[in-house]
Amino acid sequence: MAARVLAGFLAILLLTATGAVAAPIPFEMAEVAPGIFVRQGVHEDATAENGDAIANIGFIVGPAAVAVIDPGGSGEDGERLRATVATKTDRPIRYVIMTHDHPDHIFGAAAFEADHPTYVGHARLPGEMAERGPYYRDELVKILGESRAGNYVMPTQLVETTSEIDLGGRRLELTAHATAHTDNDLSIFDPETKTLWAGDLLFVDRVPSIDGSLIGWLKVLKTLETVPALRAIPGHGPVSVPWPSGAADETRYLDSLAREIRALIAKDGDIETAVREVGLGERDKWRLFDDYNGHNVTVAFKELEWE
0 MAARVLAGFL AILLLTATGA VAAPIPFEMA EVAPGIFVRQ GVHEDATAEN
50 GDAIANIGFI VGPAAVAVID PGGSGEDGER LRATVATKTD RPIRYVIMTH
100 DHPDHIFGAA AFEADHPTYV GHARLPGEMA ERGPYYRDEL VKILGESRAG
150 NYVMPTQLVE TTSEIDLGGR RLELTAHATA HTDNDLSIFD PETKTLWAGD
200 LLFVDRVPSI DGSLIGWLKV LKTLETVPAL RAIPGHGPVS VPWPSGAADE
250 TRYLDSLARE IRALIAKDGD IETAVREVGL GERDKWRLFD DYNGHNVTVA
300 FKELEWE
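Residue numbers for the sequence shown, in numbering that gives the first Met the number 0: 0 to 306.
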């Protein structure tokens, strides 16, 4: 691996010296099940150094075609993912599936436009992208610069409830969920290998981030537990975890927020107290806890005070 990295670095130097455009360097990827490849993201927020390559992204190879699942957190991330697909198969990229609207998962989408794929997303994804997309891109440009940031692409195939796509005899089952992590979460199940691609409905090691509904998320997790999967691919965390046991930590964390906030509300506690006190027993169990727990408590308190 060290030799490959050095070769790539020398190639970049040569291309820079000659004025040529450097070709994207493929990722090292894990094949978590036959034909399912995952790039693990880093447990950080977006920086110029990490290129917003912070989410788990990848692809599934079928007998006739490829489905990319989450095209990456930037144009640079997407270009490298596309280059990686070419190292694994010569089959065409027919689908680019976007699990939700957050930029670390979808801003590499434009890198695949030359493949003319069908872009697939939750039925509510276009509305969220229209509302938030320009802001997300402006913020990403501030971090990465115009040339690296990439852009979002509107889905051309929408999933209202459930749907299937066919990669030439390998069917993928898509489910559009009620409001949970966001209001536009999509999961993918591969019956052939019994693999659930959960997107950000599943966080492992990195603290979950609520951008939708705490109670809705817990309900969706209960539904996902019934999926007959052997493994799940989280949006953040290891490239795969056993299923459904892999969701135990996330469920515990979300349950603890609900329980503690309800107890505080019952004593007429306010949101400021909740932010200071709720969830602290989980601090040592999650990366980036202090960056996100206060936000989670704020969102959850506003939801639960109206129960």
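Backbone N, C-alpha and C fix where the C-beta goes; we use that ideal spot for every residue, glycine too.
| query | result |
| --- | --- |
| Per-residue burial, Tyr134 [other beta carbons within 10 Å of its own, 16 or more giving buried] | exposed |
| Host alpha helix (DSSP H) of Thr272 (start-end) | Ile270 to Glu276 |
| Extent of the continuous alpha helix (DSSP H) run through Gly74 | Gly74 to Lys87 |
| Val238 vs Val95 beta-carbon contact at 8 Å | no |
| His294 CB to nearest heavy atom of the ligand FMN below 7 Å | What this structure holds is no ligand at all, so the ligand FMN is not there to describe. |
| Residues sharing a beta bridge with Gln156, DSSP | Val119 |
| Alpha-carbon to alpha-carbon, Ile92 and Thr161 | 22 Å |
| Ser73 vs Gly126 beta-carbon contact at 8 Å | no |
| Contact under 8 Å by Cβ, Ala110 with Pro154 | no |
| Short CB-CB distance (under 8 Å) between Ala299 and chain B | In the structure shown, chain B does not exist; there is a single protein chain. |
| Beta strand (DSSP E) segment containing Pro70, residue limits | First-last for Pro70: undefined, no H or E at that position. |
| Local conformation of Thr161 per DSSP, three classes | strand |
| Best match in His235, Asp267 and Glu159 for proximity to Glu304 [C-alpha to C-alpha] | Asp267 |
| Residue burial classification, Pro33 (beta-carbon count within 10 angstroms, cutoff 16) | exposed |
| Beta carbon of Pro233 nearer than 8 Å to that of Phe202 | yes |
| Beta-carbon spacing of Ile308, Val296 below 8 Å | Missing from the structure shown is residue 308; the chain here goes from 0 to 306 and no further. |
| The beta strand (DSSP E) enclosing Leu185, as first and last residue numbers | Leu185 to Asp189 |
| Per-residue DSSP class, three states only, for Ala299 | helix |
| Which of helix, strand or coil DSSP assigns to Leu124 | helix |
| Which of helix, strand or coil DSSP assigns to Tyr94 | strand |
| Limits of the beta strand (DSSP E) - the one that Ile38 falls within | The displayed chain sequence assigns Arg, not Ile, to residue 38. Ile35 to Arg38 is the extent of the beta strand (DSSP E) around Arg38. |
| Reference Asn55; option with closest CA among Ala66, Thr46, Val65 and Val41 | Val41 |
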